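As C-alpha coordinates, the structure follows; a few thoughts come after it.
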Amino acid sequence: MTETAGRRALVFDLLEAYCARKGYRLTAGDGHGHAGMVESPSGKRWFFKGTRFDLNTLGAAEIATDKAYAASFLKAADLTVPDGLLVFAHDIRTSRTAPQDLLDFAGNQGFPLYVKPNCGREGRDVVRVDTSHTLQTALQTLAKSNDQLLVQPEIRGQELRIIVLDDDVLCAIERHPPQITGDGHRSIAEIIGADPRFDAADPRLVLELQQQGLMPETVPAPGQTVTLLPVVNLSAGGTARIVTGSLAPDLAALAREAAQTLSLRYAAVDLILPTAANAEPVVLEVNAAPGLGNLARQGSEETAVVKHIYERVFEATFAE
(Lines of atoms letter the chains of each structure in order from A and count residues from 1; the text may use other names and numbers.)
(Lines give C-alpha, C1' and ligand atoms only; values in the text may rest on other atoms or scores of the structure.)
Protein backbone atom coordinates (compact mmCIF):
# COMPACT_ATOMS: atom_id res chain seq x y z
CA MET A 1 0.00 0.00 0.00
CA THR A 2 1.24 3.46 -0.83
CA GLU A 3 0.11 6.02 1.69
CA THR A 4 -1.66 9.18 0.55
CA ALA A 5 0.79 11.68 -0.90
CA GLY A 6 1.75 14.32 1.64
CA ARG A 7 0.79 12.19 4.64
CA ARG A 8 3.47 10.72 6.86
CA ALA A 9 3.11 6.95 6.84
CA LEU A 10 1.96 5.45 10.17
CA VAL A 11 4.08 2.37 9.60
CA PHE A 12 7.17 4.57 9.22
CA ASP A 13 6.47 6.36 12.50
CA LEU A 14 6.22 3.04 14.29
CA LEU A 15 9.27 1.68 12.50
CA GLU A 16 11.26 4.79 13.45
CA ALA A 17 10.50 4.22 17.13
CA TYR A 18 11.31 0.51 16.81
CA CYS A 19 14.68 1.16 15.17
CA ALA A 20 15.60 3.75 17.80
CA ARG A 21 15.00 1.16 20.54
CA LYS A 22 16.96 -1.53 18.71
CA GLY A 23 19.85 0.65 17.61
CA TYR A 24 19.08 0.11 13.92
CA ARG A 25 19.67 2.75 11.30
CA LEU A 26 16.52 3.80 9.38
CA THR A 27 16.84 5.66 6.09
CA ALA A 28 13.73 7.11 4.44
CA GLY A 29 13.38 6.88 0.68
CA ASP A 30 11.31 10.05 0.61
CA GLY A 31 10.13 12.79 2.92
CA HIS A 32 6.97 10.94 3.94
CA GLY A 33 8.43 7.57 4.83
CA HIS A 34 6.63 5.69 2.07
CA ALA A 35 9.75 3.59 1.46
CA GLY A 36 13.12 3.08 3.03
CA MET A 37 15.90 0.90 4.34
CA VAL A 38 16.72 -0.55 7.73
CA GLU A 39 20.32 -1.44 8.60
CA SER A 40 21.40 -3.42 11.65
CA PRO A 41 24.61 -2.71 13.61
CA SER A 42 26.17 -5.72 11.84
CA GLY A 43 25.49 -4.15 8.45
CA LYS A 44 22.57 -6.30 7.33
CA ARG A 45 20.03 -4.35 5.27
CA TRP A 46 16.33 -4.72 4.62
CA PHE A 47 14.31 -2.59 2.21
CA PHE A 48 10.60 -1.86 2.38
CA LYS A 49 7.97 0.05 0.45
CA GLY A 50 4.70 1.01 2.04
CA THR A 51 3.66 -2.05 4.02
CA ARG A 52 5.66 -4.46 1.88
CA PHE A 53 8.46 -5.97 3.95
CA ASP A 54 10.88 -8.84 3.32
CA LEU A 55 8.62 -11.40 4.96
CA ASN A 56 6.91 -12.88 1.90
CA THR A 57 8.77 -14.06 -1.16
CA LEU A 58 8.27 -12.00 -4.30
CA GLY A 59 6.56 -14.81 -6.20
CA ALA A 60 4.09 -15.56 -3.41
CA ALA A 61 3.25 -11.88 -3.00
CA GLU A 62 2.70 -11.50 -6.75
CA ILE A 63 0.32 -14.47 -6.82
CA ALA A 64 -1.66 -13.05 -3.89
CA THR A 65 -1.94 -9.71 -5.68
CA ASP A 66 -3.47 -11.44 -8.72
CA LYS A 67 -6.97 -12.37 -7.54
CA ALA A 68 -7.63 -14.93 -10.27
CA TYR A 69 -4.35 -16.78 -9.77
CA ALA A 70 -4.76 -16.74 -5.99
CA ALA A 71 -8.29 -18.12 -6.25
CA SER A 72 -7.15 -20.93 -8.54
CA PHE A 73 -4.43 -22.06 -6.11
CA LEU A 74 -6.77 -21.78 -3.13
CA LYS A 75 -9.44 -23.78 -4.95
CA ALA A 76 -6.88 -26.44 -5.89
CA ALA A 77 -6.20 -26.80 -2.15
CA ASP A 78 -9.92 -27.49 -1.59
CA LEU A 79 -10.65 -24.10 -0.05
CA THR A 80 -13.96 -22.48 -0.97
CA VAL A 81 -13.57 -19.38 -3.15
CA PRO A 82 -16.09 -17.36 -5.17
CA ASP A 83 -16.86 -18.42 -8.71
CA GLY A 84 -15.21 -15.98 -11.06
CA LEU A 85 -14.45 -15.15 -14.66
CA LEU A 86 -11.31 -13.34 -15.76
CA VAL A 87 -11.99 -10.80 -18.50
CA PHE A 88 -9.28 -9.13 -20.57
CA ALA A 89 -9.73 -5.42 -21.09
CA HIS A 90 -8.54 -5.71 -24.69
CA ASP A 91 -11.56 -7.86 -25.50
CA ILE A 92 -13.85 -5.23 -23.99
CA ARG A 93 -12.19 -2.28 -25.73
CA THR A 94 -12.33 -3.87 -29.17
CA SER A 95 -15.94 -5.07 -29.12
CA ARG A 96 -19.32 -3.39 -28.78
CA THR A 97 -20.74 -6.37 -26.93
CA ALA A 98 -19.55 -8.40 -23.99
CA PRO A 99 -17.65 -11.64 -24.73
CA GLN A 100 -19.89 -14.68 -25.03
CA ASP A 101 -18.26 -16.47 -22.10
CA LEU A 102 -19.06 -13.47 -19.90
CA LEU A 103 -22.68 -13.43 -21.07
CA ASP A 104 -22.91 -17.13 -20.30
CA PHE A 105 -21.33 -16.60 -16.88
CA ALA A 106 -23.78 -13.81 -16.04
CA GLY A 107 -26.68 -15.94 -17.22
CA ASN A 108 -25.64 -18.89 -15.08
CA GLN A 109 -24.78 -16.87 -11.97
CA GLY A 110 -27.53 -14.28 -12.13
CA PHE A 111 -27.35 -10.73 -10.80
CA PRO A 112 -26.04 -8.93 -8.79
CA LEU A 113 -22.46 -9.39 -9.93
CA TYR A 114 -19.26 -7.71 -8.86
CA VAL A 115 -16.77 -6.31 -11.37
CA LYS A 116 -13.31 -5.52 -10.01
CA PRO A 117 -9.73 -5.03 -11.18
CA ASN A 118 -7.97 -8.38 -11.04
CA CYS A 119 -4.95 -6.78 -9.38
CA GLY A 120 -6.66 -3.90 -7.57
CA ARG A 121 -6.17 -2.83 -3.97
CA GLU A 122 -8.22 -1.15 -1.23
CA GLY A 123 -11.51 -1.76 -3.06
CA ARG A 124 -10.70 0.77 -5.77
CA ASP A 125 -12.91 0.49 -8.88
CA VAL A 126 -14.98 -2.36 -7.42
CA VAL A 127 -18.51 -2.06 -8.83
CA ARG A 128 -21.71 -3.93 -8.04
CA VAL A 129 -24.04 -4.34 -11.03
CA ASP A 130 -27.60 -5.61 -11.13
CA THR A 131 -28.44 -5.66 -14.87
CA SER A 132 -26.79 -6.57 -18.17
CA HIS A 133 -26.72 -2.88 -19.07
CA THR A 134 -24.89 -1.81 -15.92
CA LEU A 135 -22.52 -4.76 -16.37
CA GLN A 136 -21.63 -3.61 -19.86
CA THR A 137 -21.19 -0.01 -18.69
CA ALA A 138 -18.96 -1.06 -15.80
CA LEU A 139 -16.80 -3.20 -18.08
CA GLN A 140 -16.35 -0.38 -20.59
CA THR A 141 -15.43 2.07 -17.83
CA LEU A 142 -13.01 -0.16 -15.94
CA ALA A 143 -11.38 -1.46 -19.12
CA LYS A 144 -10.02 2.03 -19.73
CA SER A 145 -7.72 1.85 -16.71
CA ASN A 146 -7.24 -1.88 -16.02
CA ASP A 147 -5.79 -4.68 -18.15
CA GLN A 148 -7.69 -7.50 -16.46
CA LEU A 149 -11.07 -7.55 -14.75
CA LEU A 150 -12.63 -10.18 -12.53
CA VAL A 151 -16.37 -10.81 -12.48
CA GLN A 152 -17.84 -12.62 -9.47
CA PRO A 153 -21.31 -13.26 -8.04
CA GLU A 154 -22.45 -11.38 -4.97
CA ILE A 155 -22.14 -13.36 -1.73
CA ARG A 156 -24.09 -11.88 1.15
CA GLY A 157 -22.82 -12.45 4.64
CA GLN A 158 -20.52 -11.37 7.45
CA GLU A 159 -17.14 -10.15 6.22
CA LEU A 160 -14.01 -10.77 8.25
CA ARG A 161 -10.37 -9.85 7.80
CA ILE A 162 -7.96 -12.08 9.70
CA ILE A 163 -4.30 -11.09 9.95
CA VAL A 164 -1.86 -13.97 10.17
CA LEU A 165 1.88 -13.99 10.86
CA ASP A 166 3.77 -17.29 10.86
CA ASP A 167 0.60 -19.22 11.71
CA ASP A 168 -0.36 -16.88 14.55
CA VAL A 169 -3.62 -14.97 14.26
CA LEU A 170 -2.70 -11.42 15.27
CA CYS A 171 -6.08 -9.82 14.77
CA ALA A 172 -9.55 -10.41 13.36
CA ILE A 173 -11.94 -7.63 12.41
CA GLU A 174 -15.50 -7.61 11.20
CA ARG A 175 -15.87 -5.12 8.36
CA HIS A 176 -18.91 -3.18 7.20
CA PRO A 177 -19.47 -1.08 4.06
CA PRO A 178 -19.60 2.72 4.05
CA GLN A 179 -23.03 3.74 5.33
CA ILE A 180 -24.91 6.83 6.41
CA THR A 181 -27.95 7.24 8.65
CA GLY A 182 -30.72 9.60 7.62
CA ASP A 183 -31.98 12.41 9.86
CA GLY A 184 -35.08 13.32 7.86
CA HIS A 185 -33.69 16.74 6.96
CA ARG A 186 -30.51 16.45 4.94
CA SER A 187 -30.09 14.79 1.55
CA ILE A 188 -27.69 11.91 1.01
CA ALA A 189 -25.36 14.29 -0.80
CA GLU A 190 -25.37 16.71 2.12
CA ILE A 191 -24.64 13.97 4.64
CA ILE A 192 -21.78 12.66 2.50
CA GLY A 193 -20.36 16.13 2.04
CA ALA A 194 -20.23 16.69 5.80
CA ASP A 195 -18.35 13.45 6.50
CA PRO A 196 -14.61 13.43 5.64
CA ARG A 197 -14.56 9.64 5.42
CA PHE A 198 -16.33 9.72 2.06
CA ASP A 199 -15.28 10.88 -1.37
CA ALA A 200 -18.28 12.69 -2.82
CA ALA A 201 -16.68 12.56 -6.28
CA ASP A 202 -16.53 8.75 -6.38
CA PRO A 203 -18.60 7.84 -9.49
CA ARG A 204 -19.67 4.55 -7.90
CA LEU A 205 -21.83 6.41 -5.38
CA VAL A 206 -24.49 7.33 -7.92
CA LEU A 207 -24.59 3.82 -9.38
CA GLU A 208 -24.91 2.19 -5.97
CA LEU A 209 -27.69 4.58 -4.95
CA GLN A 210 -29.56 4.03 -8.22
CA GLN A 211 -29.55 0.30 -7.62
CA GLN A 212 -31.30 1.00 -4.31
CA GLY A 213 -33.85 3.29 -5.96
CA LEU A 214 -32.19 6.38 -4.47
CA MET A 215 -30.47 9.53 -5.71
CA PRO A 216 -27.97 11.91 -4.11
CA GLU A 217 -30.86 14.36 -3.63
CA THR A 218 -32.94 11.81 -1.71
CA VAL A 219 -33.63 12.74 1.93
CA PRO A 220 -33.48 9.51 3.96
CA ALA A 221 -36.00 9.07 6.76
CA PRO A 222 -34.75 9.45 10.35
CA GLY A 223 -32.78 6.34 11.25
CA GLN A 224 -32.76 4.99 7.69
CA THR A 225 -29.43 3.34 6.82
CA VAL A 226 -28.10 3.81 3.31
CA THR A 227 -25.13 1.83 1.96
CA LEU A 228 -22.92 4.03 -0.20
CA LEU A 229 -20.46 1.62 -1.81
CA PRO A 230 -20.32 -2.13 -2.50
CA VAL A 231 -17.05 -2.60 -0.58
CA VAL A 232 -16.06 -2.92 3.08
CA ASN A 233 -12.62 -1.34 2.79
CA LEU A 234 -11.82 1.17 5.53
CA SER A 235 -10.04 3.33 2.94
CA ALA A 236 -13.43 3.81 1.25
CA GLY A 237 -15.18 4.86 4.46
CA GLY A 238 -16.11 1.44 5.80
CA THR A 239 -16.03 0.59 9.49
CA ALA A 240 -14.52 -2.24 11.48
CA ARG A 241 -14.99 -3.99 14.81
CA ILE A 242 -12.26 -6.07 16.44
CA VAL A 243 -13.49 -9.63 17.02
CA THR A 244 -10.22 -11.44 17.71
CA GLY A 245 -11.35 -12.70 21.10
CA SER A 246 -14.53 -14.27 19.74
CA LEU A 247 -13.09 -15.67 16.50
CA ALA A 248 -14.16 -19.27 16.01
CA PRO A 249 -11.22 -21.74 15.96
CA ASP A 250 -12.26 -23.13 12.56
CA LEU A 251 -12.12 -19.64 11.01
CA ALA A 252 -8.69 -19.02 12.48
CA ALA A 253 -7.57 -22.36 11.06
CA LEU A 254 -9.02 -21.47 7.65
CA ALA A 255 -7.13 -18.17 7.60
CA ARG A 256 -3.88 -19.93 8.49
CA GLU A 257 -4.47 -22.53 5.79
CA ALA A 258 -5.15 -19.88 3.15
CA ALA A 259 -1.91 -18.07 3.98
CA GLN A 260 0.04 -21.35 4.02
CA THR A 261 -1.44 -22.39 0.68
CA LEU A 262 -0.01 -19.27 -0.94
CA SER A 263 3.28 -19.61 1.03
CA LEU A 264 2.75 -16.30 2.80
CA ARG A 265 4.27 -15.73 6.21
CA TYR A 266 2.32 -12.50 6.68
CA ALA A 267 -1.13 -11.93 5.21
CA ALA A 268 -4.60 -10.57 5.70
CA VAL A 269 -7.16 -13.20 4.76
CA ASP A 270 -10.60 -11.87 3.81
CA LEU A 271 -13.48 -14.24 4.53
CA ILE A 272 -17.20 -14.09 3.92
CA LEU A 273 -19.52 -16.10 6.14
CA PRO A 274 -22.55 -16.51 3.87
CA THR A 275 -26.02 -15.96 5.24
CA ALA A 276 -27.26 -18.94 3.22
CA ALA A 277 -27.97 -21.96 5.40
CA ASN A 278 -25.18 -24.55 5.64
CA ALA A 279 -22.90 -22.54 3.36
CA GLU A 280 -19.18 -22.84 4.02
CA PRO A 281 -16.96 -19.81 4.73
CA VAL A 282 -15.58 -18.35 1.53
CA VAL A 283 -12.01 -17.10 1.09
CA LEU A 284 -12.57 -13.90 -0.84
CA GLU A 285 -9.00 -12.58 -1.09
CA VAL A 286 -5.57 -12.85 0.50
CA ASN A 287 -3.56 -9.64 0.90
CA ALA A 288 0.22 -10.03 1.17
CA ALA A 289 0.85 -6.47 2.39
CA PRO A 290 -2.16 -5.28 4.40
CA GLY A 291 -2.31 -1.62 5.29
CA LEU A 292 -3.35 -0.91 8.86
CA GLY A 293 -3.36 2.88 8.98
CA ASN A 294 -7.11 3.18 8.44
CA LEU A 295 -7.77 0.61 11.15
CA ALA A 296 -5.65 2.61 13.60
CA ARG A 297 -7.69 5.71 12.85
CA GLN A 298 -10.87 3.96 14.06
CA GLY A 299 -10.02 4.54 17.72
CA SER A 300 -7.66 3.97 20.63
CA GLU A 301 -8.30 0.21 20.89
CA GLU A 302 -7.62 -0.22 17.19
CA THR A 303 -4.46 1.90 17.42
CA ALA A 304 -3.12 -0.32 20.19
CA VAL A 305 -3.83 -3.44 18.13
CA VAL A 306 -2.10 -1.99 15.07
CA LYS A 307 0.97 -1.09 17.11
CA HIS A 308 1.14 -4.66 18.44
CA ILE A 309 0.80 -6.11 14.93
CA TYR A 310 3.59 -3.98 13.53
CA GLU A 311 5.80 -4.78 16.51
CA ARG A 312 5.40 -8.45 15.66
CA VAL A 313 6.00 -7.77 11.96
CA PHE A 314 9.17 -5.82 12.69
CA GLU A 315 10.51 -8.54 14.98
CA ALA A 316 9.89 -11.17 12.32
CA THR A 317 11.31 -9.07 9.48
CA PHE A 318 14.50 -7.82 11.07
CA ALA A 319 15.65 -11.03 12.66
CA GLU A 320 19.33 -11.80 12.00
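Reading the sequence shown from the start, the letters are residues 1 to 320 in full-length UniProt numbering.
Glycine residues also receive a C-beta, built at the ideal position from the N, C-alpha and C atoms.
The structure displayed is predicted, hence computed values, not measured ones.
Query, Result
"Could you compute how far the alpha carbon of ALA189 sits from the alpha carbon of PHE314?", "42 Å"
"Can you check which of these residues, MET215, ALA316 and LEU234, is closest to ARG124 by C-alpha distance?", "LEU234"
"Do the stretch 121 to 137 and the stretch 263 to 279 meet, that is, are 3 or more Cβ pairs less than 8 Å apart?", "no"
"Return yes when the Cβ of LEU284 is within less than 9 Å of the Cβ of GLU159, no when it is not.", "yes"
"In terms of alpha-carbon separation, which member of PHE111, ASP168 and ARG93 lies closest to SER145?", "ARG93"
"What does the Cβ neighbour count give for THR131, buried or exposed, with the cut at 16 atoms within 10 Å?", "exposed"
"So what's ILE180 in DSSP terms, helix, strand or just coil?", "strand"
"Using beta-carbon positions only, say whether ALA61 and ALA289 come within less than 9 Å of one another.", "yes"
"Would DSSP call VAL126 helix, strand or coil?", "coil"
"If we ignore side chains and look at the alpha-carbon of each, how far apart do GLN211 and ALA28 end up?", "45 Å"
"So, using beta-carbon positions, are PRO178 and ALA236 closer together than 9 Å?", "yes"
"Looking only at its own chain, which residues have a Cβ that is under 6 Å from the Cβ of ASP167, when we skip the five neighbours before and after it?", "ARG256"
"With which residues is MET37 paired in a DSSP beta bridge?", "THR27 and PHE47"
"Would VAL115 and LEU139 qualify as a contact pair, given that the criterion is a beta-carbon distance under 9 Å?", "yes"
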